[in-house]
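Under UniProt numbering, the letters of the sequence shown match residues 1 to 416, in that order. Even glycine gets a Cβ: it sits at the ideal position worked out from N, Cα and C. Inspection log for the structure reproduced underneath, given as structure tokens.
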Amino acid sequence: MPHVVTVFLRHGGRVLLARRSEAVGTYQGRWAAISGYVEGDLADAERDVRRELAEEIGVHESDADLVRAGEHVSVADGGREWTVHPFLFDARNRDIDPNEELAAVEWVHPTAIRERETVPGLWTAYRRVAPAVETVAADETHGSAWISLRALEVLRDTAAEADSRDAVASVARRLRDVRPSMAAVENRVNRVMADADPEPESVRRRAETAIDTAAEADDAAAARAAELIRERGFDRLATLSRSGTVLAALEAVAAAEADVFVVLVSESRPGGEGVGVAESLAREGLDATLTTDAALPGFVAGGGADAVLLGADSVLASGGVVNKVGSLPVALAAARADAPVFAVCARDKVCGDDRFVGEDAGALYDGEAAIGTENPLFEVVPADLLSGVVTEDGVLDADEIGAVAAEHAALAAWDD
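This is the structure we're talking about:
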């Protein structure tokens, strides 16, 4: 039985579908993901994936990151049988160069698979790598903007398959509550459910719109932050953890000013996601320096940064920012050095109130002594240590944050 790889390339909540041309031997004219035969060891199927991405659409290793490999799918059709090995990759952009095997390509919501004439088993293969409530809950690498998009994808895909609003609402409640420190997850799920009609199809359509809107908002917030950096003339910045919005802002500035732009990044324990940030910045040509979480406040207090950029897992109604542990010491150090501190995020991260429910990174001690442990993942940076919260609408002050908070609090009424 032949083995094939099927690659779902995702960007901003949409995936790339390709219509097979007359140059291929099977399923001409059908829609598919990027696919090809496994030519070597099944344990090294990612090599075949990378080959197909490069050959069929010109996407190379530096252009896309592996998200997950899914359980294989056995397909039988018209007397033929084969085994499909699905993969999901995140593309850095939507720039592709299709070869002669592809008659057309489109970036679509994966639910379009259910409406088109596709190769057999394509929806099943997608569901093997699609995000789930459990993956949203367990992600300790990405920032809340990224995770909230995955939550919306779960809601969209659930609604596409559901036969009742109750089934969709049950998943929506789980998504809303699974990351209590991340306001964007709750707000974006609540908005879909509040705006949709009772039927699952309405939820699906609303979720698709919300995914596109959220991706645009995150990009716009990054663009606003990049403008602020350029306008203020900051050329030595410090950051920590992995905020996709902060990273996009820094990369945007780097594209124009890499020769004078320096970024100090802490490693961000225990996940080490700051290492990936430093690597991404270095690939963009920035002078990126990686340091420890403990050392970053000292560098900032000593004048090592013109400004500090923080991500935000949430913005409290009173203006404080919830972010990765280590943010508060850096903000205090910046105050000592008279360096401004800006949080960068979409306005959907504003909470409807001042609740802060932390998450724990796990035990610090497994010995026999009676020692309690505290190992929080997040902490609050008070509003008086912040110079502003940069969103897609510009820099919000305390009154504006309060107004947004009231809007978001009202969204929860769908579940009353």
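Output the distance between the C-alpha atoms of residue i and residue j, rounded to the nearest integer angstrom.
{"i": "D218", "j": "D97", "result": "26 angstroms"}
{"i": "L281", "j": "D366", "result": "37 angstroms"}
{"i": "T289", "j": "V275", "result": "10 angstroms"}
{"i": "V321", "j": "A312", "result": "6 angstroms"}
{"i": "G303", "j": "V253", "result": "21 angstroms"}
{"i": "R205", "j": "V171", "result": "16 angstroms"}
{"i": "D235", "j": "V344", "result": "17 angstroms"}
{"i": "G402", "j": "S318", "result": "7 angstroms"}
{"i": "D348", "j": "G285", "result": "31 angstroms"}
{"i": "P86", "j": "G36", "result": "11 angstroms"}
{"i": "V357", "j": "S181", "result": "6 angstroms"}
{"i": "E186", "j": "A295", "result": "34 angstroms"}
{"i": "P382", "j": "E231", "result": "25 angstroms"}
{"i": "V277", "j": "L247", "result": "7 angstroms"}
{"i": "E220", "j": "R127", "result": "In the sequence as presented, Glu is not what sits at residue 220; that position holds Ala. For A220 and R127, the distance between alpha carbons rounds to 30 angstroms."}
{"i": "E55", "j": "A32", "result": "16 angstroms"}
{"i": "V80", "j": "E100", "result": "In the sequence as presented, Val is not what sits at residue 80; that position holds Arg. Distance between the alpha carbons of R80 and E100 is about 25 angstroms."}
{"i": "V389", "j": "A255", "result": "23 angstroms"}
{"i": "G271", "j": "V105", "result": "36 angstroms"}
{"i": "R174", "j": "M1", "result": "40 angstroms"}
{"i": "T83", "j": "L16", "result": "21 angstroms"}
{"i": "I57", "j": "G13", "result": "19 angstroms"}
{"i": "W414", "j": "P200", "result": "15 angstroms"}
{"i": "E39", "j": "A162", "result": "38 angstroms"}
{"i": "A331", "j": "V308", "result": "8 angstroms"}
{"i": "V73", "j": "L122", "result": "9 angstroms"}
{"i": "T141", "j": "R242", "result": "7 angstroms"}
{"i": "residue 417", "j": "T118", "result": "Nothing about residue 417 can be read from this structure; the chain reaches only from 1 to 416."}
According to DSSP, residue i sits in a beta bridge with which residue or residues?
{"i": "Y37", "result": "V4"}
{"i": "A217", "result": "In DSSP, A217 forms no bridge with anything."}
{"i": "L42", "result": "Paired residues: none, contrary to the question."}
{"i": "G388", "result": "F342"}
{"i": "A288", "result": "V263"}
{"i": "R269", "result": "DSSP, once it has assigned bridges, lists no residue as partnering R269."}
{"i": "L237", "result": "V263 and A307"}
{"i": "D360", "result": "P376"}
{"i": "V395", "result": "V390"}
{"i": "V350", "result": "V315"}
{"i": "V381", "result": "V321"}
If I'm right that residue i touches residue j with Cβ under 8 angstroms, what's the distance once you round it to whole angstroms?
{"i": "T6", "j": "A125", "result": "5 angstroms"}
{"i": "L264", "j": "A225", "result": "Actually they are not in contact, since the Cβ atoms of L264 and A225 sit about 17 angstroms apart, beyond 8 angstroms."}
{"i": "A184", "j": "A222", "result": "Not a contact, Cβ separation roughly 14 angstroms."}
{"i": "S314", "j": "F342", "result": "Not a contact, Cβ separation roughly 16 angstroms."}
{"i": "L240", "j": "S268", "result": "6 angstroms"}
{"i": "R176", "j": "V192", "result": "No, R176 and V192 are not in contact; Cβ-Cβ is about 10 angstroms, not under 8 angstroms."}
{"i": "A405", "j": "G352", "result": "5 angstroms"}
{"i": "H11", "j": "L42", "result": "Actually they do not touch by this definition, with Cβ atoms about 28 angstroms apart."}
{"i": "A137", "j": "V178", "result": "4 angstroms"}
{"i": "A238", "j": "A159", "result": "In fact, because the Cβ distance is near 42 angstroms, the residues do not count as touching under 8 angstroms."}
{"i": "F299", "j": "T291", "result": "7 angstroms"}
{"i": "V380", "j": "L316", "result": "7 angstroms"}
What I want to know is whether the C-beta of residue i ends up closer than 6 angstroms to one or more non-hydrogen atoms of the ligand NAD.
{"i": "R128", "result": "For the ligand NAD, the structure offers nothing, since it holds no ligand at all."}
### Message
Can you confirm whether the stretch 360 to 373 touches the stretch 330 to 337 when touching is taken to mean that 3 or more C-beta pairs between the two stretches lie within less than 8 angstroms?
### Response
In short, these stretches do not touch, since the Cβ pair count stays below three.
### Query
Does the stretch 210 to 223 touch the stretch 149 to 169, meaning 3 or more C-beta pairs lie closer than 8 angstroms?
Between the stretch 149 to 169 and the stretch 210 to 223, the count of C-beta pairs closer than 8 angstroms reaches three or more; the two stretches touch.
### Message
If contact is defined by three or more beta carbon pairs under 8 angstroms, each pair taking one atom from either stretch, is the stretch 42 to 59 in contact with the stretch 132 to 144?
### Response
Too few Cβ pairs lie closer than 8 angstroms, so no.
### Query
If we count Cβ pairs, one from each stretch, closer than 8 angstroms, do we get three or more for the stretch 315 to 328 versus the stretch 165 to 175?
No contact exists between the stretch 315 to 328 and the stretch 165 to 175.
### Query
Contact between the stretch 86 to 93 and the stretch 58 to 78: three or more CB pairs below 8 angstroms?
The stretch 86 to 93, when compared against the stretch 58 to 78, does touch it at the 8 angstroms Cβ threshold.
### Task
Please go through the stretch 143 to 230 and give each complete alpha helix (DSSP H) segment of 4 or more residues, from N-terminal end onward.
Runs found: 144 to 161, 165 to 178 and 183 to 195.
### Message
List, from N- to C-terminal side, the alpha helix (DSSP H) runs of 4 residues or more that fit wholly inside the UniProt domain "Nudix hydrolase" (1 to 131).
### Response
As far as the UniProt domain "Nudix hydrolase" (1 to 131) is concerned, its whole alpha helix (DSSP H) runs of at least 4 residues are 45 to 57 and 122 to 129.
### Task
Ignoring anything shorter than 4 residues or poking outside the stretch 286 to 337, list the alpha helix (DSSP H) runs there in chain order.
Secondary structure within the stretch 286 to 337: the alpha helix (DSSP H) runs of 4 or more consecutive residues, fully enclosed, are 296 to 301 and 327 to 336 (chain order).
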